[in-house]
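In UniProt numbering, the protein residues as written are 1 to 373.
In this text, a Cβ means the ideal position worked out from N, Cα and C, and glycines have one as well.
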């Protein structure tokens, strides 16, 4: 297995739990993070080595990433070949590796369909050459892949089973040491170093502006271990080290505890939707990477909640629009609109039901059928 970042590690860890129930003697090796290691996975490389986003950023790490892929391919093919290879998201890394392994006779599964319905539709040809089977987390994806002769199974979104339909806000606040009656804003600037570099300072400046406009606001930021030191340094540089509470990980507790969140575009936005929390989605990246990416978009939305709802149910502030002033005002607008929040929560509850399936069992069934063939 290969998972290339914190969200992929979470998905892979949940899948490994289902695989181990079916095959207690299963051995898992490759690239992974702490959630996978907790399931007995042997991580030859840590997943954060692949956690890079953006064309320019990838180029800076290209030689290292390609070297890791080459070493992994050689190790898998020259040693005892795996019964199946599962690439978890990270399509730029995994699809190339899967194509090489498939050509050598190894069965391949790709978990999380690349968002060919949102951007880079040409990737469908790469999927055809790479994956024997695709495990899809959104219900409309298998039919889309079937049009191109790609076998796929809808398995639901694993996080939809982890997040309760009615999150306990007060229990989460007690866990984090937050006042039960305070207004709390969660700051989630992303789990990659490049995201922290481009977004954290903007988020901290927005927090300062929000605090000036609304005394008593509390801010909490769940920092993944690999980024905690970097985030702490940016907080000190921004002069908000005393204003923003940093907690190690615990992003789900933070989302459960908050009244609203300022959040980087990515998987975490779907998690925030499952927690029924109003959000402001932001993103900023290298200018050249953004120019390339914006030309490949197929939909007007970037955030997963908006894509799945096919509407701008939450604001998106991207690139130059993601100024501290606009970010702060968009979050404050949620705090001042309880009726709007309740309508959003109803829509997110409907979405939660649509995504809730026994993901581990459905995925394991599909993998077992592939192995039987």
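Taking the beta strand (DSSP E) that residue 93 falls in, what are its first and last residues? In the chain shown, counting from the first residue as 1, residue 93 sits at position 93. It is not in any beta strand (DSSP E) - residue 93 instead sits in the alpha helix (DSSP H) that spans 91-103.
Which one of 214, 238, 193, 242 has the shortest CA to CA distance from residue 223? Sequence index remark: in the chain shown, residue 223 carries index 223 (1-based). The option with the nearest alpha carbon to residue 223 is 193.
Which residue marks the beginning of the beta strand (DSSP E) containing residue 44, and which one marks its end? Residue 44 sits at position 44 when you count from the first residue of the chain shown. Looking at the DSSP string, the run of the beta strand (DSSP E) that includes residue 44 is 42-46.
Measuring alpha carbon to alpha carbon, tell me which residue in 17, 24, 49 is nearest residue 37. Start at 1 with the first residue of the chain shown, and residue 37 comes out as number 37. Looking at the Cα atoms, 17 is the closest of the given residues.
Flag this pair as yes or no: are the beta carbons of residue 252 and residue 271 separated by less than 8 Å? Here the question's residue 252 lines up with position 252 in the chain shown. Here the question's residue 271 lines up with position 271 in the chain shown. Yes, they are a contact pair.
Beta strand (DSSP E) segment containing residue 86, residue limits: In the chain shown, residue 86 corresponds to position 86, counting from 1. Element bounds for residue 86: 84-88.
Can you give me the Cβ contacts of residue 283 inside the same chain, cut-off strictly under 7 Å, excluding the 5 residues immediately before and after it? By one-based count along the chain shown, residue 283 stands at place 283. If we look at residue 283 and ignore the five residues flanking it on each side, its Cβ neighbours are 264, 265, 302, 318, 322.
Just list the residues that DSSP pairs residue 352 with in beta bridges. Taking the chain shown and counting its residues from 1, one reaches residue 352 at position 352. In the DSSP output, where bridge partners are listed per residue, residue 352 has none listed.
Smallest Cα separation from residue 205: which of 150, 244, 129? As a working note, residue 205 is residue 205 in the chain shown. Comparing Cα-Cα distances from residue 205 to each of 150, 244, 129, the minimum goes to 244.
Using the three-state DSSP reduction, which class does residue 27 fall into: helix, strand or coil? As a first step, residue 27 is located in the chain shown; it is residue number 27 there, counting from the start. Note: residue 27 maps to coil in three-state DSSP.
Check for me: the beta strand (DSSP E) holding residue 281 runs from which residue to which? Looking up residue 281 in the chain shown gives position 281. Element bounds for residue 281: 279-283.
Could you give the distance in angstroms between the alpha-carbon of residue 69 and the alpha-carbon of residue 217? Your numbering for residue 69 matches position 69 in the chain shown. Your numbering for residue 217 matches position 217 in the chain shown. In a straight line, the C-alpha of residue 69 is about 46 Å away from that of residue 217.
Quick check: the region 147-156 against the region 131-138, are at least 3 beta-carbon pairs closer than 8 Å? yes
Under the three-state DSSP convention, the category residue 107 falls into: The residue labelled residue 107 in the question sits at position 107 within the chain shown. It is a strand residue.
Going by DSSP in three states, residue 136 sits in which element: helix, strand or coil? For the purposes of this step, residue 136 is taken as residue 136 along the chain shown, with counting starting at 1. In this structure, residue 136 counts as strand in the three-state DSSP scheme.
Unbroken beta strand (DSSP E) run spanning residue 167, endpoints: For the purposes of this step, residue 167 is taken as the residue at position 167 of the chain shown. First-last for residue 167: undefined, no H or E at that position.
In three-state terms, what does DSSP make of residue 315? Counted from its first residue, the chain shown places residue 315 at position 315. Note: residue 315 maps to coil in three-state DSSP.
In its own chain, which residues sit with a C-beta less than 8 Å from the C-beta of residue 101, not counting the 5 before and 5 after it? Taking the first residue of the chain shown as position 1, residue 101 is located at position 101. 73, 76, 77, 85, 108, listed in sequence order.
Consult DSSP for residue 264 and reduce its assignment to one of helix, strand or coil. The residue you call residue 264 lines up with position 264 of the chain shown. The answer is strand: DSSP assigns residue 264 an E or B state.
Are there 16 or more other CB atoms within 10 angstroms of the CB of residue 364, so buried, or fewer, so exposed? If you number the chain shown from 1, residue 364 lands on position 364. So residue 364 ends up on the buried side.
Between the CA atoms of residue 12 and residue 329 - distance to the nearest angstrom: Here the question's residue 329 lines up with position 329 in the chain shown. Here the question's residue 12 lines up with position 12 in the chain shown. Each residue's alpha carbon lies about 37 Å from the other.
Pick from 28, 48, 10: whose alpha carbon is nearest that of residue 40? In the chain shown, residue 40 corresponds to position 40, counting from 1. Of 28, 48, 10, the residue nearest in Cα terms is 28.
If you pair each beta-carbon of the region 156-165 with each one of the region 225-236, do three or more pairs fall below 8 Å? no
What does the alpha-carbon distance come out to for the pair residue 337 and residue 261? Position 337 of the chain shown holds residue 337. Position 261 of the chain shown holds residue 261. Their backbone Cα atoms lie some 14 Å apart in a straight line.
Residue nearest to residue 88 in terms of C-alpha spacing, selected from 169, 6, 309: Position 88 of the chain shown, counted from the start, is the residue given in the question as residue 88. Of 169, 6, 309, the residue nearest in Cα terms is 6.
Comparing alpha-carbon positions, which option in 97, 140, 351, 139 lies nearest residue 129? Here the question's residue 129 lines up with position 129 in the chain shown. Residue 97 is the option with its Cα nearest to residue 129.
What are the residues that DSSP puts in a beta bridge with residue 198? Along the chain shown, one-based indexing puts residue 198 at 198. None, per the DSSP bridge assignment.
Less than 8 Å separating the beta-carbons of residue 26 and residue 111? Locating residue 26 in the chain shown gives position 26, where the first residue counts as 1. Locating residue 111 in the chain shown gives position 111, where the first residue counts as 1. No, these two residues do not count as a Cβ contact at 8 Å.
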